[in-house]
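*Asks:* Sending over a structure as structure tokens; questions will come in a sec.
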Amino acid sequence: MESYRFQPGETPVLISLPHVGTDLPREIAVGMTDWAHQVPDTDWHLDRLYNFAPALGAGFLAATQSRYVIDLNRDPSRNGLSGGRGFTGLCPIGTADDLPLYLDGCQPDAVEVRRRIATYWQPYHRQLQAELAALKDRFGIAVLLDAHSARASGDARRLGRNDFSLATVDDTSASPHLSRRLSNVLACTDNFTSLFDPRSAGGYIARHYGRPEDNIHVIQLEINQGTYMDETPPFRYRSDLAASVRPVLERFVSALVEWSWEHAEGRRQRVAYY
């Protein structure tokens, strides 16, 4: 089974969803706890929340495997072969609420971590890197939206009361002009709060791929899950709530696409698209 789903777009914009996957391969799931099988720390329903984006010309890259299998937004070289500890590791052994993911004696060892890197982590990142290179070659610029969500408790405590949290890795992963334009889009929304923190370290994807000096820009956006879904099992998508969130995201992605066209090389590409 592929570790990702990919749909190319027709603009310089790509949306990455590294934590939306829910699959647990059988050989891994048999050693996990019942609570782990519910994959509570998933970025639930983000592919559904952003499903308007292809109509705006944005590409999509979405994980199929749960972040409990391997976290695609972590640097394997920094975690070593142990996969790290707790929830923040490359192959986490606990949930965001510090509950164990594995039955006694079933935690992944160094050999298993290497296998998961080769089987799941590397294919996703090869596709991500290849598509960013293809966008830059075609348009002269590539813009990546690294999309996440978080609960109002647990791993989302850092969000405080903000519904949208925008980060650009110390203002180094994207043009400040782009990040501030997007921040203004969020700040002008009614009924939702937002935070733009350019000092935020961000995750591996933003830190590794964001090179604005080389015309590759990465924006990380995190959404409070309470704005569009039930945060308890079965983690139901709430169309009534999402109806208010989606217009904000549409304006956000539209601004991202518009900015990318303004900075693309060769106006004929834009004429051809429209």
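Residue numbers for the sequence shown follow our numbering, so the first one is 9 and each next one is one higher.
Just so you know, even glycine gets a beta-carbon here, dropped at the ideal spot from N, CA and C.
Note down the Cα distance separating residue 61 from residue 24, rounded to an integer number of angstroms.
*Replies:* About 12 Å.
*Asks:* Just to confirm, is the Cβ distance from residue 159 to residue 233 under 8 Å?
*Replies:* Cβ atoms of residue 159 and residue 233: closer than 8 Å.
*Asks:* According to DSSP, simplified to helix, strand and coil, what is residue 67?
*Replies:* Residue 67: strand per DSSP, three-state reduction.
*Asks:* Rounded to a whole number of angstroms, what is the C-alpha to C-alpha distance between residue 193 and residue 146?
*Replies:* Going from the Cα of residue 193 to the Cα of residue 146 covers about 27 Å.
*Asks:* I need the boundaries of the beta strand (DSSP E) containing residue 12, first residue and last residue.
*Replies:* Here the beta strand (DSSP E) through residue 12 covers 12–15.
*Asks:* Closest to residue 20 by C-alpha separation, out of 225, 252, 248 and 243, would be which residue?
*Replies:* Closest option to residue 20, Cα to Cα, is 225.
*Asks:* Which of the three DSSP states is assigned to residue 29 in this structure?
*Replies:* Coil.
*Asks:* Do residue 11 and residue 149 count as a contact pair if the criterion is CB distance below 8 Å?
*Replies:* No. Outside cutoff.
*Asks:* According to DSSP, residue 155 sits in a beta bridge with which residue or residues?
*Replies:* Beta-bridge pairing links residue 155 to 229.
*Asks:* Taking a contact to mean a Cβ-Cβ separation below 8 Å, would you say residue 325 touches residue 235 in this structure?
*Replies:* As shown, the chain starts at 9 and ends at 282. That puts residue 325 outside it, with no answer to give.
*Asks:* Relative to the C-alpha of residue 44, which residue among 195, 95 and 144 is closest?
*Replies:* Taking only the C-alpha atoms, the option nearest residue 44 is 95.
*Asks:* Comparing C-alpha positions only, which one of 48, 80 and 230 sits nearest to residue 97?
*Replies:* Ranking 48, 80 and 230 by Cα distance to residue 97 puts 80 first.
*Asks:* Does residue 102 come out as helix, strand or coil in the three-state DSSP assignment?
*Replies:* It is a strand residue.
*Asks:* Please go through the same chain and pick out, in chain order, the residues whose beta-carbon is closer than 7 Å to the beta-carbon of residue 282, but skip the five residues on each side of it.
*Replies:* For residue 282, the predicted model reports a pLDDT of 41, less than 50, meaning its position is unreliable; a value from the coordinates is still stated below. None.
*Asks:* Kindly identify the DSSP beta-bridge partner or partners of residue 135.
*Replies:* Beta-bridge pairing links residue 135 to no other residue.
*Asks:* Name the residue from 15, 33 and 242 whose alpha carbon lies nearest to the alpha carbon of residue 70.
*Replies:* Of the listed residues, the one whose Cα sits closest to residue 70 is 15.
*Asks:* Please identify the residue among 220, 155 and 216 whose C-alpha is closest to the C-alpha of residue 50.
*Replies:* Taking only the C-alpha atoms, the option nearest residue 50 is 155.
*Asks:* Label residue 85 either buried or exposed according to how many other C-beta atoms from any shown protein chain fall within 10 Å of its C-beta, with 16 as the threshold for buried.
*Replies:* Per the 10 Å Cβ criterion, exposed.
*Asks:* If you run the structure through DSSP and keep just helix, strand and coil, what is residue 246?
*Replies:* DSSP places residue 246 in coil when its eight states are reduced to three.
*Asks:* Just tell me which of 222, 181 and 143 has its CA closest to the CA of residue 205.
*Replies:* Here the closest residue by C-alpha is 181.
*Asks:* Kindly indicate which residue of 116, 37, 72 and 140 has the alpha-carbon position closest to the one of residue 213.
*Replies:* When each option's Cα is compared against that of residue 213, the closest is 140.
*Asks:* How would you label residue 119, buried or exposed, when you count the other beta carbons within 10 angstroms and need 16 or more for buried?
*Replies:* Its Cβ having fewer than 16 others within 10 Å, residue 119 is exposed.
*Asks:* In angstroms with no decimal places, state the Cα-to-Cα distance between residue 256 and residue 197.
*Replies:* Approximately 7 Å between the Cα atoms of the pair.
*Asks:* Which of helix, strand or coil does DSSP assign to residue 255?
*Replies:* The answer is helix: DSSP assigns residue 255 an H, G or I state.
*Asks:* Which residues does DSSP pair with residue 110 in a beta bridge?
*Replies:* 40, per the DSSP bridge assignment.
*Asks:* For residue 230, is the classification buried or exposed, using 16 other Cβ atoms within 10 angstroms of its Cβ as the cut-off for buried?
*Replies:* Per the 10 Å Cβ criterion, buried.
*Asks:* So which of 227, 144, 201 and 143 has the shortest CA-CA distance to residue 184?
*Replies:* Checking every option, the nearest Cα to that of residue 184 belongs to 227.
*Asks:* Residue 198 CB to nearest chain C CB: under 8 Å?
*Replies:* This model lacks chain C altogether; it includes just one protein chain.
*Asks:* If you draw a straight line from the alpha carbon of residue 238 to that of residue 58, how long is it in whole angstroms?
*Replies:* So the two alpha carbons sit approximately 17 Å from each other.
*Asks:* I need the DSSP call for residue 55, collapsed to helix, strand or coil.
*Replies:* The answer is helix: DSSP assigns residue 55 an H, G or I state.
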